[in-house]
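Colleague: There's a structure below that I have some questions on.
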Amino acid sequence: MGVKKVYISWNEVYEMLDDIANGINDNITSVSGIPRGGSLLAILYSHRYNIEYRSAPIVGDPKQLIVDDIADSGETLKLWQKEFKDSIFATLHYKNISKVKPNIFAKEIEEDYGWIVYPWERKDSKTIQNYLDN
Numbered sequence: 217m218g219v220k221k222v223y224i225s226w227n228e229v230y231e232m233l234d235d236i237a238n239g240i241n242d243n244i245t246s247v248s249g250i251p252r253g254g255s256l257l258a259i260l261y262s263h264r265y266n267i268e269y270r271s272a273p274i275v276g277d278p279k280q281l282i283v284d285d286i287a288d289s290g291e292t293l294k295l296w297q298k299e300f301k302d303s304i305f306a307t308l309h310y311k312n313i314s315k316v317k318p319n320i321f322a323k324e325i326e327e328d329y330g331w332i333v334y335p336w337e338r339k340d341s342k343t344i345q346n347y348l349d350n
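So, in structure tokens, the structure goes:
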């Protein structure tokens with residue numbers, strides 16, 4: 217048997233974006249995303265909450281939100297937090313074994329939660345992040 221897959225619907229994505237928006241007390245003026253999953257989320261967030269979308273974040277801007285789909289191992293988030301340390305980071309999912317924790321997240325998950333397949337991914341997505349093989 218393979219790894220358990222957990223399929224996330226568009227409605228769940230919007231509910232999690234709402235959770236993130238409701239949890240941000242700061243006056244966010246822009247949103248950017250960490251490629252790949254975060255890029256789409258940043259655009260959705262921008263439209264949903266009428267906030268400026270930036271294709272790339274600006275170093276030193278404490279009023280910008282940088283989003284991603286998941287803090288899994290935490291490696292990607294760690295690199296981005298180092299570069300944009302003044303920004304607010306948010307993820308839909310935060311795996312409790314991640315090396316770093318985003319400032320805000322919609323749902324904390326356990327290590328054995330399963331492989332999350334977001335609605336913008338193919339249903340037969342592999343359980344590794346090698347999208348070229350899908």
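Using the numbering used here, count along the sequence shown one by one with no gaps and you end on 350. Quick reminder that beta carbons are idealized off the backbone N, C-alpha and C, glycines included. All of these numbers come straight from a predicted model, not from anything done at the bench.
1. Is the CB-CB distance between S314 and L281 below 9 angstroms?
2. Going by C-alpha distance, which of G239, I259, R338 and Y329 is nearest D284?
3. Beta carbon of I236, beta carbon of A306: below 9 angstroms?
4. Confirm, please, whether the CB-CB distance from Y334 to G253 is below 9 angstroms.
5. Under DSSP, the alpha helix (DSSP H) around W226 begins and ends at which residues?
6. With C-beta atoms as the reference, is F300 less than 9 angstroms away from Y310?
7. With the cut-off set at 9 angstroms, would you say L295 and Y261 are in Cβ contact?
8. What residues in its chain sit with their C-beta under 6 angstroms from that of K323, if we drop five residues either side in the sequence?
9. Could you tell me which of K317, V229 and G249 sits nearest to I274, measuring between CA atoms?
10. Measuring CB to CB, does P278 end up less than 9 angstroms from S303?
Modeller: So, from the data block:
1. As a first step, residue 314 must be located in the sequence shown, where it is residue number 98. As a first step, residue 281 must be located in the sequence shown, where it is residue number 65. Against a cut-off of 9 angstroms, the Cβ pair of L281 and S314 comes out as no contact.
2. Start at 1 with the first residue of the sequence shown, and residue 284 comes out as number 68. Of the listed residues, the one whose Cα sits closest to D284 is I259.
3. As a working note, residue 236 is residue 20 in the sequence shown. As a working note, residue 306 is residue 90 in the sequence shown. Yes, they are a contact pair.
4. Taking the sequence shown and counting its residues from 1, the one referred to as residue 253 is at position 37. Taking the sequence shown and counting its residues from 1, the one referred to as residue 334 is at position 118. A contact, by the Cβ cut-off of 9 angstroms.
5. Working through the sequence shown from its first residue, we reach residue 226 at position 10. Counting along the chain, the alpha helix (DSSP H) containing W226 begins and ends at W226 to G239.
6. Residue mapping note: residue 300 aligns to position 84 of the sequence shown, counting from 1. Residue mapping note: residue 310 aligns to position 94 of the sequence shown, counting from 1. In this structure, Y310 does not lie closer than 9 angstroms to F300 by Cβ.
7. Counting from 1 along the sequence shown, the entry for residue 295 is found at position 79. Counting from 1 along the sequence shown, the entry for residue 261 is found at position 45. No, the pair does not count as a contact, with Cβ atoms beyond the cut-off.
8. As a working note, residue 323 is residue 107 in the sequence shown. Contacts found: H309.
9. Position 58 of the sequence shown, counted from the start, is the residue given in the question as residue 274. Checked all of K317, V229 and G249; the closest Cα to I274 is G249.
10. For the purposes of this step, residue 278 is taken as residue 62 along the sequence shown, with counting starting at 1. For the purposes of this step, residue 303 is taken as residue 87 along the sequence shown, with counting starting at 1. Contact: yes.
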